[in-house]
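Per full-length UniProt numbering, the sequence shown starts with residue 1, numbered consecutively.
Here a beta-carbon is modelled for each residue, glycine too, at the ideal position from N, C-alpha and C.
Notes follow the structure.
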Amino acid sequence: MASYTDVLEYLSALDYPAGKDDVVREAEREGAPPEVLKALRALPPVDYANGTEVARSAGIDAAPELSPAQRAAQARDPHTRVSQHLRGI
Numbered sequence: 001m002a003s004y005t006d007v008l009e010y011l012s013a014l015d016y017p018a019g020k021d022d023v024v025r026e027a028e029r030e031g032a033p034p035e036v037l038k039a040l041r042a043l044p045p046v047d048y049a050n051g052t053e054v055a056r057s058a059g060i061d062a063a064p065e066l067s068p069a070q071r072a073a074q075a076r077d078p079h080t081r082v083s084q085h086l087r088g089i
């Protein structure tokens, strides 16, 4: 399976916004392996603002090293947001 880093590597020279055809063409031009091309060819035909949107739309996990239990723990962890400290003012 293609990794998040692989996808971003082969799209580093692409100018955004870019459509699906532009994304696939750039990856082919850069010599992307078959698994990356397969993931990119399965993209929905929309315009993408950046490589991160492409990778997310392709269903590629940004952090495959995390187990489902670790992801669940992160989701339950209350994050302190930047604006929360201003609520008491």
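Can you pull the DSSP bridge partners for Y10? Working through the sequence shown from its first residue, we reach residue 10 at position 10. Answer by DSSP bridge pairing: none, since Y10 is not bridged.
Between which two residues does the alpha helix (DSSP H) containing A27 stretch? Residue numbering aside, residue 27 sits at position 27 when the sequence shown is read from its first letter. Segment 20-29, the alpha helix (DSSP H) holding A27.
Tell me, to the nearest whole angstrom, how far the beta carbon of A42 is from that of V36; I am working on the premise that it is less than 8 Å. The residue given as residue 42 occupies position 42 in the sequence shown. The residue given as residue 36 occupies position 36 in the sequence shown. Actually they do not touch by this definition, with Cβ atoms about 11 Å apart.
Indicate the three-state DSSP secondary structure (helix, strand or coil) for Y48 in the structure shown. Along the sequence shown, one-based indexing puts residue 48 at 48. It is a strand residue.
Out of curiosity, what's the CA-to-CA distance linking A39 and P17? Your numbering for residue 39 matches position 39 in the sequence shown. Your numbering for residue 17 matches position 17 in the sequence shown. Straight-line Cα distance between these residues: approximately 19 Å.
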